[in-house]
Each structure stands twice: as C-alpha cells, then as structure tokens.
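Protein chains in written order, with the working numbering: chain A, 285 to 591; chain B, 646 to 869.
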C-alpha cells in the first residue's frame with residue numbers, strides 16, 4: 285500500500301469512528317461522561333497532593349531544628365559552624381540568629397521587655413536554625429543531630445523527630461492513595477471503553493465477517509475500533525479537564541476562606557498545562573488500551589463462514 | 646489453476662465431508678460443482694478460500710500449496726480470489742458503490758483507482774445507475790449482480806461461487822449465469838457450486854459431481 289493510500293485509510297478510519305460516535309449521541313455522551321468522571325477523580329487527587337506538597341513546603345519549619353551554642357562562643361565561631369553545616373549533604377539551609385538579634389526580637393515582646401531590662405548582660409546564646417533537606421529520613425536526621433552535638437561550642441540541639449515522622453507518613457499516605465486511586469480509576473476506564481467496544485464489535489460482526497472473507501488483515505479490521513477507543517478516551521479526557529477546572533473554580537474560594545479561618549494560607553493549586561495534558565494523554569492511552577484489549581479478545585472469535 | 650490432490654476433510658466430531666477428492670480446474674476454465682445438499686460442494690469452496698483446512702491431502706491454487714501458507718498470508722490469498730455467496734453477504738448500511746469498493750479498500754488501492762474500477766465493475770453487471778442505492782433497495786437479482794461486481798472488482802484470477810442462483814427465480818438465475826459466462830470469456834477461472842442441474846446443463850460447461858463427500862465424476866472435462 286502506498287503512503288498516501290495508507291494515510292487516507294487512517295484518516296477515513298478516524299473520521300468514520302467519529303461518525304459512529306455521532307450517530308449515537310446519547311450513548312456516546314453517557315460513555316464519555318463516565319470516562320471523564322473516572323479520569324477527573326485521580327486528576328483532582330493529583331491537584332490535592334500537589335497542593336498538599338506546597339503546604340508541606342510551608343510546613344518545612346517543622347523539620348527545622350535549633351542548635352544553641354554555649355555562652356561565650358564568639359559570632360565568628362558561630363558563622364564558621366554555620367558554614368560547616370551548610371556543606372553537609374543532608375542540610376538544605378542554615379540560618380544564624382546572633383544573640384543580640386535574638387534579644388532585640390525578644391525585647392519587642394512586652395512580656396519579656398521588663399525582665400530583659402533588669403538583666404546586666406544578654407542571657408541568650410547564638411543560635412543556628414538548621415533546615416534538613418525534604419528527602420531526609422528520621423534515621424539520617426538523628427545521625428545529623430548527633431554529629432552537630434559533638435561539634436565544639438555546641439551546647440544544645442533541639443530536634444523534634446516526631447513531627448518529621450508524622451509529616452513524612454502523611455505525604456507517603458497521600459502519594460500511595462493517589463497511586464491506588466489512579467490505578468483503579470484508569471482500570472475502570474479500560475473496562476468501560478473495552479465493554480463499549482465489545483458491544484460495537486458484536487453489532488458489526490456481519491461486517492467484520494465479510495471483510496475477513498474478502499481478505500482483510502487483522503490490522504484492517506482492528507483499526508476502526510482502535511480509533512473509536514481513542515476518540516472515547518480523548519473526549520473523556522476533555523470532559524475530565526472541564527470537571528477539574530470547574531471543580532477547582534468552585535472549591536478554590538471556599539477552601540481558601542476555610543484555611544484562612546484557621547490561620548493558614550492554604551490554597552488549592554490550579555491545574556497546570558502539563559497536568560491538563562496528562563489528563564488528555566491518560567484518556568487517550570486508556571481509551572486506546574481499552575479498545576485494544578477488547579479487540580484482541582473478541583475479534584478472533586468472528587471467523588468467516590460460507591453456509 | 647485449482648487442484649485438489651486426494652483431499653479429505655473431517656469436521657470436529659462429524660463425518661467426513663470430503664473423502665479423498667482429487668480434481669483440477671484449468672486456468673480460464675468455467676466448471677460447475679454439483680451434487681445434493683451435504684455432498685461436500687461448500688467444503689470444496691471453503692478449502693479454496695482457506696476458511697477451512699484439509700484434514701489430509703493438498704489444495705493448490707494458482708501454483709501455491711495452501712497448506713504451506715502462514716496465517717498472516719491468508720488475507721493476501723483471499724484477496725486473490727473473488728467470492729460470490731448465495732446470501733450475497735452485502736452490507737446493508739453501505740451503498741452499492743461502497744459494497745463493491747470494499748475489496749479494493751482492503752487491498753489498499755488508491756482512491757482514484759477505486760472509483761474507476763468500482764464504476765467499471767458496476768457497469769459490467771448493469772448496475773452503474775444504482776451505485777448510491779443500499780442493497781435492500783435492489784431486487785434479488787440486482788443484489789446478486791452486486792455481489793458479483795464485488796467479486797470481480799479486484800480482477801481476481803479465480804472466482805468461486807456458492808449457489809449464486811439459489812435464491813433467484815429461473816429467469817434471474819439464467820441472467821446471473823449468463824453474466825458468469827461473460828466474465829469467464831475474459832479469462833477468469835470459475836468454480837461455481839450449484840445443485841440446479843437444469844441450469845448447469847444449459848451452459849454446457851464441465852460438471853464436477855460430488856456425492857457423500859466423494860467425487861462421482863465429471864462431464865464435459867477431465868478429472869485428474
């Protein structure tokens with residue numbers, strides 16, 4: 285077959301499949317909506333996880349630990365220790381709070397101002413606020429804390445690993461929930477498309493039989509159904525995108541207001557171009573995959589006959 | 646062109662539909678396959694079209710031993726054969742033109758060539774003015790002629806037909822057989838299964854007779 289005829293045939297199959305869908309608008313709308321909902325749910329969860337990660341980024345200070353230097357340690361030594369800590373692979377950043385800056389901050393609090401005024405000297409030490417990398421686990425943080433404790437001039441290391449554990453567990457849970465839900469719903473799309481294509485194969489069994497009698501290859505017979513699955517997936521992806529965008533638009537405001545009441549600046553993240561493309565691509569792949577599965581299972585059962 | 650060498654066909658759990666049949670249809674020949682219902686006529690055609698495979702023996706079409714064809718070569722083999730069926734096997738949701746175009750679309754003929762050859766085939770069977778009609782809008786005779794147009798559109802070397810006049814009244818049957826004779830005159834090898842002995846005798850072509858799955862003889866030609 286020459287390339288032009290090959291392309292023409294594919295174009296005819298693609299347009300023909302669209303024609304098949306448009307001849308049954310109600311059934312097509314129902315199928316596409318089901319696919320759209322099934323795709324929108326994991327996509328929405330994806331947006332939620334992304335927003336949660338952003339929130340976790342905002343909570344990064346719960347991973348921070350404070351290093352109090354011994355009284356009498358000089359600012360130069362504090363800066364040297366900060367540089368040393370910054371060079372460690374587990375450390376994302378180190379902030380030095382000099383003793384005089386700390387006491388100045390404390391003086392702004394009316395509750396402490398009088399007490400501090402009564403003191404002859406600054407009672408606060410230089411402090412280092414260490415932020416470990418987000419990928420650090422509990423064991424490596426424990427080890428890091430132990431190393432810092434041994435450093436000369438360090439008086440006290442305050443490390444709250446419980447919080448770190450909770451945060452990591454929560455993020456891990458969300459990630460796994462996303463994977464499981466996504467997997468189940470993509471399987472649902474495969475089943476919905478596969479079943480729809482199976483019915484279409486049954487309705488067109490006479491045509492398939494005649495085509496096979498006339499010498500149609502498996503690829504020739506398979507192609508219209510694969511395009512049908514592809515269109516179902518693509519249209520389902522478009523519906524999923526619309527559901528996602530409308531859902532974010534409808535829930536974004538109320539969630540921000542609710543978070544604001546609890547003193548949080550949490551906002552639902554918007555759907556990015558790449559996430560919308562992923563929804564469309566996922567729809568196309570799931571539609572095509574569902575069609576392929578159905579075609580592979582049911583086409584072989586239709587064999588030409590001469591009665 | 647078509648050769649059966651000691652061919653036996655046994656269907657699963659059934660009696661032998663063909664028992665050691667050997668026959669030969671020469672290139673450009675028109676031969677009729679006759680016999681009562683259940684004689685094995687359809688089985689012979691199924692073996693030629695590779696819808697079934699022989700239990701024993703060899704079937705050769707146009708020099709190719711069909712037993713040696715791989716599964717992926719079967720569609721290509723069927724594209725080389727024109728087939729006409731008693732029940733037409735036309736697609737009712739397509740026009741006459743689209744039905745006839747189907748073999749050409751399957752074998753990847755270019756769009757322009759499809760149009761030219763479909764109209765030529767419709768013209769040959771006298772249905773050029775019916776190209777937009779769906780098969781159900783055509784008479785029984787016209788439907789059978791449409792089936793013939795579809796069988797000849799890809800210019801097959803071999804044409805097989807299974808009771809092509811089985812559903813037609815005598816006048817229409819004669820008309821369809823005359824059309825086969827005309828197509829045979831331009832060199833197409835034909836094997837036509839028919840139980841209508843009167844019609845077969847009218848054309849004086851070689852008659853291969855089957856009974857109970859065995860070859861009974863041949864009139865007007867030789868059995869190899």
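Ideal Cβ positions, reconstructed from N, Cα and C, are used throughout, including at glycine.
DSSP links residue 816 of chain B through a beta bridge to no other residue.
Nearest CB-CB separation between residue 812 of chain B and chain A: not below the 9 Å threshold. Near chain A, meaning a CB-to-CB distance below 8 Å, the residues of the region 749-767 of chain B are 750, 751, 752, 753, 754, 755, 756. The beta carbons of residue 466 of chain A and residue 518 of chain A sit about 19 Å from each other, so the pair does not count as a contact at 8 Å.
Chain A places a beta carbon closer than 9 Å to that of residue 694 of chain B, counting this residue as a contact.
The three-state secondary structure of residue 306 of chain A, taken from DSSP, is helix. Any Cβ of chain B closer than 9 Å to the Cβ of residue 419 of chain A would place that residue at the interface, and such an atom is absent.
Not flagged as an interface residue toward chain B: residue 509 of chain A, since no C-beta distance is shorter than 9 Å.
In this model, residue 525 of chain A and residue 688 of chain B are separated by some 56 Å (Cα to Cα). Of the candidates B:701, B:757, B:725, B:692, the residue whose Cα lies closest to the Cα of residue 707 of chain B is B:725. By the rule that beta-carbons nearer than 9 Å mark a contact, residue 721 of chain B touches chain A. Taken in chain order, the whole beta strand (DSSP E) runs of length 3 or more contained in the region 699-735 of chain B are 701-706, 726-729.
For residue 298 of chain A, the CB contacts under 7 Å within the same chain, skipping 5 residues up- and downstream, are 511 in chain order. A direct Cα-Cα distance of roughly 7 Å separates residue 676 of chain B from residue 853 of chain B.
With respect to the C-alpha of residue 400 of chain A, the residue from A:387, A:352, A:475 having the closest C-alpha is A:387. At a C-beta separation below 7 Å, residue 728 of chain B has these neighbours in chain A: 497. In the three-state reduction of the DSSP assignment, residue 770 of chain B falls in the coil class. Under a criterion of Cβ atoms nearer than 7 Å, the residues of chain B adjacent to residue 588 of chain A are, in order, 696. Residue pairing for residue 375 of chain A: DSSP places it in a beta bridge opposite A:416. Contact with chain A is absent for residue 855 of chain B, since none of that chain's Cβ atoms lies less than 9 Å from the residue's Cβ. Interface criterion not met: the Cβ of residue 312 of chain A is under 9 Å from no Cβ in chain B.
Every unbroken stretch of the alpha helix (DSSP H) spanning 4 or more residues and falling wholly within the region 410-490 of chain A is given here in chain order: 422-434, 445-487. Contact with chain B is found for residue 504 of chain A, since one of that chain's Cβ atoms lies less than 9 Å from the residue's Cβ. Counting only residues of its own chain and dropping the five nearest sequence neighbours on each side, residue 820 of chain B has a CB closer than 7 Å to the CB of 786. Our two residues, residue 397 of chain A and residue 371 of chain A, have alpha carbons roughly 37 Å apart in a direct line. When DSSP reads this structure, residue 652 of chain B sits in a beta bridge with B:666. Contact between the region 712-723 of chain B and the region 492-506 of chain A is present: 3 or more CB-CB pairs across the two stretches fall below 8 Å.
Proximity of chain B to residue 304 of chain A at the Cβ level (cut-off 7 Å) is not reached, the minimal Cβ distance being about 11 Å.
Contact between residue 535 of chain A and residue 552 of chain A holds: their C-beta atoms lie close to 6 Å from each other, under 8 Å.
For residue 838 of chain B, the enclosing beta strand (DSSP E) covers residues 834-838. Between residue 480 of chain A and chain B, the shortest Cβ-Cβ separation is not below 9 Å.
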